[in-house]
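A.B. asks: Sequence positions in the sequence shown follow the numbering used here and run 167 to 220.
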Amino acid sequence: MIAYLKPQWRWISALQNDVAAQADWRVKDFSNANHVPVERRNGSNQRDVKPGER
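1. What is the DSSP secondary structure of PRO173, counted as helix, strand or coil?
2. Compare the C-beta of ILE178 against all C-beta atoms of chain C and say whether one is closer than 7 Å.
3. Can you give the beta carbon distance from TRP191 to ALA199, rounded, assuming they're within the 8 Å contact cut?
4. Spatial neighbours of ALA187 within its chain, please: C-beta separation below 6 Å, excluding the five flanking residues on both sides.
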C-alpha cells in the first residue's frame, strides 16, 4: 500500500493546506481568511500567435 501512495506524497502538504484554508473560509470573515491568489495582467488576456512562434 505504501508503494501505491508514494507518487502522491509530494502533494500531501499542499492538499492539507488547501483543506485548512477551506475550513478557515467557513469560520473566519473574508478579511481574515487565507484566499487563493488572483492573477492580474496588464493588457489583454488573449494572444494571437502563429504555429512555431514563441
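Where is the CB? At the ideal position from N, CA and C, for every residue including glycine.
C.D. replies: Taking the coordinates as given:
1. Locating residue 173 in the sequence shown gives position 7, where the first residue counts as 1. The answer is helix: DSSP assigns PRO173 an H, G or I state.
2. In the structure shown, chain C cannot be found, because there is only a single protein chain.
3. To locate residue 191, count along the sequence shown from 1; it is residue 25. To locate residue 199, count along the sequence shown from 1; it is residue 33. Between TRP191 and ALA199 the beta-carbon gap is near 5 Å, inside 8 Å, which marks them as a contact.
4. As a position in the sequence shown, residue 187 is number 21, starting the count at 1. Cβ neighbours of ALA187 beyond the five flanking positions: ASN200.
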